[in-house]
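First residue of the sequence shown? That's 150 in the working numbering, and the numbers climb one at a time after it. By construction, the Cβ of each residue, glycine as well, lies at the ideal position given by its N, Cα and C atoms. As structure tokens, the structure follows; a few thoughts come after it.
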Amino acid sequence: MNGAQGSQRQIFRAAMKLFAERGDVHVTVSELAQAAGVARGTIYNNLGDLRGLFDIVAAQLAAELNERLVDALGGVDDPALRMATGLRLCLRRAHEQPQWGRFLCRFGCSSAALREVWRGQPFNDLRDGLELGRYRFRESQMETVVSFVSGATIGAMVTILDGAKTWREAGSDVAEFILVALGVDREEARAIAFSALPAE
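If you want it as structure tokens, here you go:
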């Protein structure tokens with residue numbers, strides 16, 4: 150990674166932190182420079198201005214998360230196992246990177262760019278599971294099911310970040326409940342939800 154890319158990533162991380170802490174999508178150049186530990190000129194050189202910064206950060210997070218999930222789940226054929234594993238990996242990351250988790254919790258349902266998270270691997274797993282008969286819902290219900298899965302996952306993140314449950318407990322619980330709601334037998338859903346996670 151060259152210096153410009155490193156500075157840009159540093160700025161984007163600082164922006165995500167500010168957005169997550171404040172629940173607001175507006176920051177000033179001075180605030181961002183201070184949070185990133187760089188000069189104001191570095192902000193201008195990397196971004197030009199701050200218009201659209203939130204959407205850029207959100208879109209990069211969504212693309213990066215989906216790429217990580219595709220890589221982690223590449224050898225898993227069962228869509229139910231992929232779904233449960235992907236959700237648990239997201240929740241583990243929220244525990245390991247709380248600012249990342251808080252950003253998703255704050256904006257995951259309201260930001261169009263962040264909603265793309267659920268249009269990648271999770272959507273594919275739902276579609277594949279429906280086509281293979283693993284899930285029992287009507288195709289016309291897909292949008293509702295996507296909203297249900299995303300809402301349950303974000304709710305579990307809040308539980309983890311508030312310290313009410315560990316990521317392992319919350320991850321397995323939400324994976325089990327989602328699979329049962331989708332039509333997987335309860336005992337099988339529980340076994341899937343507590344299966345070993347792949348190394349990232």
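Flag Val-295 as yes if its beta-carbon sits less than 9 Å from any beta-carbon of chain C, otherwise no.
-> Note that chain C does not occur in the displayed structure, where there is just one protein chain.
Using DSSP with H/G/I as helix, E/B as strand and the rest coil, what is Gly-282?
-> coil
Thinking Gly-235 and Leu-222 are a contact (beta carbons under 8 Å), I'd like their distance in whole angstroms, please.
-> 6 Å between Cβ atoms; contact.
What is the C-beta distance between Asp-274 and Arg-241, in whole angstroms, given that I count them as a contact (C-beta under 8 Å)?
-> Actually they are not in contact, since the Cβ atoms of Asp-274 and Arg-241 sit about 18 Å apart, beyond 8 Å.
Does DSSP classify Thr-315 as helix, strand or coil?
-> When DSSP states are grouped into helix, strand and coil, Thr-315 belongs to the coil group.
Starting from Arg-200, trace the alpha helix (DSSP H) both ways and give me its first and last residue.
-> No alpha helix (DSSP H) contains Arg-200, which DSSP labels as neither H nor E.
At what residues does the alpha helix (DSSP H) containing Gln-248 begin and finish?
-> 247-256
Let me know the secondary structure DSSP gives Gly-235 once reduced to three states.
-> helix
Note down, in chain order, each residue of its chain lying with its Cβ closer than 8 Å to the Cβ of Gln-285, except the 5 sequence neighbours on either side.
-> A small fix is needed here, since residue 285 is Arg in this sequence, not Gln. Within the same chain, Arg-285 has close Cβ partners Leu-331, Gly-332.
Run of the alpha helix (DSSP H) containing Thr-293, from where it starts to where it stops = Segment 291-310, the alpha helix (DSSP H) holding Thr-293.
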